[in-house]
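Trainee: Using the numbering used here, the first residue of the sequence shown is number 11, and each one after it goes up by one.
Ideal placement from N, C-alpha and C gives every residue a C-beta, glycine not left out.
All values reported here derive from a predicted model rather than from experimental measurement.
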Amino acid sequence: MTGTVIKVTKSFTFDAAHFLPNHKGKCAKMHGHTYKLEVTVVREDGKLMDSGSDEGMVIDFSDLKAIVKAEVIDKVDHNVLNEVFSFRTTAENMAAHIFDVLTDKLRPLGVKVAKIKLWETPDSCAEVDYE
Ligand SMILES: [Zn+2]
Numbered sequence: 011m012t013g014t015v016i017k018v019t020k021s022f023t024f025d026a027a028h029f030l031p032n033h034k035g036k037c038a039k040m041h042g043h044t045y046k047l048e049v050t051v052v053r054e055d056g057k058l059m060d061s062g063s064d065e066g067m068v069i070d071f072s073d074l075k076a077i078v079k080a081e082v083i084d085k086v087d088h089n090v091l092n093e094v095f096s097f098r099t100t101a102e103n104m105a106a107h108i109f110d111v112l113t114d115k116l117r118p119l120g121v122k123v124a125k126i127k128l129w130e131t132p133d134s135c136a137e138v139d140y141e
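#1: Mind pulling the alpha helix (DSSP H) runs of 4 or more residues that sit fully within the stretch 68-130?
#2: Could you say which of Ile77, Ala101, Asp87 lies nearest to Thr113 if we only look at CA atoms?
#3: Output the boundary residues of the beta strand (DSSP E) element that contains Cys135.
#4: What does DSSP give as the partner residues of Asp25 in its beta bridges?
#5: Cβ of Asn92 within 8 Å of Cβ of His41?
#6: Spatial neighbours of Thr19 within its chain, please: C-beta separation below 7 Å, excluding the five flanking residues on both sides.
#7: Beta-carbon separation of Ala105 and Ala80 under 8 Å?
#8: What residues come near ligand 1, if near means a beta carbon less than 7 Å from any of its heavy atoms?
#9: From Gly13 to Ala26, what distance separates their C-alpha atoms?
#10: Can you confirm whether the stretch 124-138 touches the stretch 59-67 when touching is taken to mean that 3 or more C-beta pairs between the two stretches lie within less than 8 Å?
#11: With Phe109 and Val123 assumed to form a contact (beta carbons below 8 Å), what rounded beta-carbon distance in angstroms separates them?
#12: Confirm, please, whether the CB-CB distance from Lys46 to Ser21 is below 8 Å.
#13: Could you compute how far the alpha carbon of Pro100 sits from the alpha carbon of His107?
#14: Indicate the three-state DSSP secondary structure (helix, strand or coil) for Lys20 in the structure shown.
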């Protein structure tokens, strides 16, 4: 390590419906959001691939896109989140779940999740990263 760490971020959007049981306000009723998901990843050593097709990259953007699409987007897009997840579907809980799912999938590639940012509305997001 020379003190620098290189990360890459890919953004996604999906539409989904949900409601929050026991919420004191209008979120207790079924409603929808266009969510924006930002996935930031880093190689285990903070450096770039030094050979092969991915030389000079953290991960090929198209590979990252395929993993996030298969593991997250395809499962939530145009779905009712309360039917997809057993936990309360707050942006915070979903961001934490996505962090864990993608961490497991990326580990074999020598890549880890640095940050998950999930925008529920254009001005409200939850983010998960390391302390
Ligand atoms: Zn909501």
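Mentor: Once the coordinates are examined:
#1: 71-78, 91-94, 101-116
#2: Here residue 113 corresponds to residue number 103 of the sequence shown, with the count starting at 1. Residue Ile77 is the option with its Cα nearest to Thr113.
#3: If you number the sequence shown from 1, residue 135 lands on position 125. Counting along the chain, the beta strand (DSSP E) containing Cys135 begins and ends at 134-139.
#4: Taking the first residue of the sequence shown as 1, we reach residue 25 at position 15. BP columns for Asp25 point to Thr44.
#5: Numbered from its first residue, the sequence shown carries residue 92 at position 82. Numbered from its first residue, the sequence shown carries residue 41 at position 31. Not in contact: Asn92 and His41 (Cβ atoms no closer than 8 Å).
#6: To locate residue 19, count along the sequence shown from 1; it is residue 9. Excluding sequence neighbours, Thr19 sits near Glu48, Val49, Thr50.
#7: Working through the sequence shown from its first residue, we reach residue 105 at position 95. Working through the sequence shown from its first residue, we reach residue 80 at position 70. Cβ distance not < 8 Å, so Ala105 and Ala80 don't count as in contact.
#8: His28, Leu30, Cys37, His41, His43, Glu130
#9: Walking along the sequence shown from the start, residue 13 turns up at place 3. Walking along the sequence shown from the start, residue 26 turns up at place 16. When rounded, the distance between both Cα atoms is 40 Å.
#10: no
#11: Start at 1 with the first residue of the sequence shown, and residue 109 comes out as number 99. Start at 1 with the first residue of the sequence shown, and residue 123 comes out as number 113. So it is a contact: roughly 6 Å between Cβ atoms.
#12: The residue given as residue 21 occupies position 11 in the sequence shown. The residue given as residue 46 occupies position 36 in the sequence shown. Cβ atoms of Ser21 and Lys46: closer than 8 Å.
#13: Position 90 of the sequence shown, counted from the first residue, corresponds to residue 100. Position 97 of the sequence shown, counted from the first residue, corresponds to residue 107. First, the amino acid is wrong: residue 100 is Thr here, not Pro. Cα to Cα, Thr100 sits roughly 11 Å from His107.
#14: For this step, residue 20 is matched to residue 10 along the sequence shown. In the structure shown, Lys20 sits in a strand (DSSP, three-state: E or B).
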